[in-house]
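Structure first, commentary second.
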Amino acid sequence: MIAALLVMLQAAAGPVADTPPPRRNPTRCPELTVEEGDIVVCGRPEPQEQFRLRPLTRRYDPVGGPGTGFRVGSGQGNVYAATQQSPDGKPDKRIMVTLKFPF
């Protein structure tokens, strides 16, 4: 019973479109001198501008220094491992944490 109802719903036609969808005209290429490494894509409609990649914000800038960087509020930090020789000649393994905050 349910299968027959689903088959009938699939066969039902929707309303007829009165007018065809508006035709999109491609934009013209700008007349610029292309510098080395630049890519110019022409003929894209304006509504597609929303899908264009934007530059990343400073939020994703890598944190400098050795190890793994992370952000702490307005500051930044690093976690890394270091090995030194202790005064008695044994290796001294350390985990170092560096925090930097603007003032």
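If you read the sequence shown in the working numbering, its first letter stands for residue 110, the second for the next number, and so on.
We put the CB at the ideal spot given by N, CA and C, even for glycine.
One Cα belongs to proline 175, the other to leucine 165, and the distance between them is close to 23 Å. In chain order, Arg203 and Met205 place their CB closer than 7 Å to the CB of alanine 191, counting only its own chain and leaving out the 5 sequence neighbours on each side.
Cβ-Cβ distances below 7 Å link serine 195 to Asp201 in the same chain, with the five nearest sequence neighbours on each side left out; the list follows chain order. CA-CA distance, arginine 163 to cysteine 151, rounds to 18 Å. In the three-state DSSP reduction, methionine 110 falls in the coil class, being neither helix nor strand.
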